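Each residue of the sequence shown is one higher than the one before, starting from 176 at the first, in the working numbering. Reviewing the structure listed below.
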Amino acid sequence: MKLIEPIRIIRKIKLKYLELFLLREGYYGKIISYMLFIDFNRPSTLSDFPYLKQFEDKNDFGRSNFIKVIFFANSILNDGMKQEVLSIAGGFLEDKEDCDWNADFEVIPNNNYDIDETLNYVDTFVKDKYDLRICLKNIPYSKFNNLSQD
């Protein structure tokens, strides 16, 4: 019987509206992905859930806050791993009663999980997809000694 390694969660960045974690198999095992939380600090809308547009009434839809979770990996995660990492995200968010959230999976091409390369990619991705300018790569290294990088 093969022993399954627990997934280790390593927080890399904590800001008021954003957190970035590295997920890996076990203590020194294979990196699974980065997990990014973006707190939009606004009510959720039907446009946050385009796959529900044909089922929901836009006037009755939404909660007081919306959080987006994005998993960045260097290859497509299999369905079992997707369910596992979604469960981890849910552990952070499931007790927020008036908050909607959803998740996307993105592949970072040609990435070896280098933190600087990943931060550049995330900055560009978030700017292009959500029109958010976060400049993670501009956080001074001295801030990484603190629990929060604000």
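Note that the Cβ used here is the ideal one computed from N, Cα and C, for glycine as well. Please read these numbers as outputs of a predicted model, since none were measured by experiment.
Rounded to the nearest angstrom, the gap between the Cα atoms of D270 and E180 is 26 Å. For S250 against V297, the beta-carbon gap comes to about 17 Å, at or over 8 Å, which does not count as contact. Annotated three-state conformation of E259 is helix, per DSSP. For D289, the closest alpha carbon among the candidates K312, R308, D279 and V301 is that of K312. When the Cα atoms are used, T293 and N287 turn out to be separated by approximately 9 Å. With a contact defined as Cβ atoms closer than 8 Å, F196 and S219 miss out at about 22 Å.
Contact between A278 and A264 holds: CB atoms are separated by about 6 Å, below the 8 Å threshold. Excluding residues up to 5 positions away in sequence, R238, S239 and N240 lie with their Cβ nearer than 8 Å to the Cβ of D273 in the same chain. Fully contained in the segment 190–229 are the following beta strand (DSSP E) runs of length 3 or more, in chain order: 193–200 and 206–214. With fewer than 16 neighbouring CB atoms inside 10 Å of its own CB, Q258 falls in the exposed class.
Cβ-Cβ distances below 6 Å link M210 to F196, L198 and F246 in the same chain, with the five nearest sequence neighbours on each side left out; the list follows chain order.
Straight-line spacing of the CA atoms in D325 and F267 works out to 20 Å.
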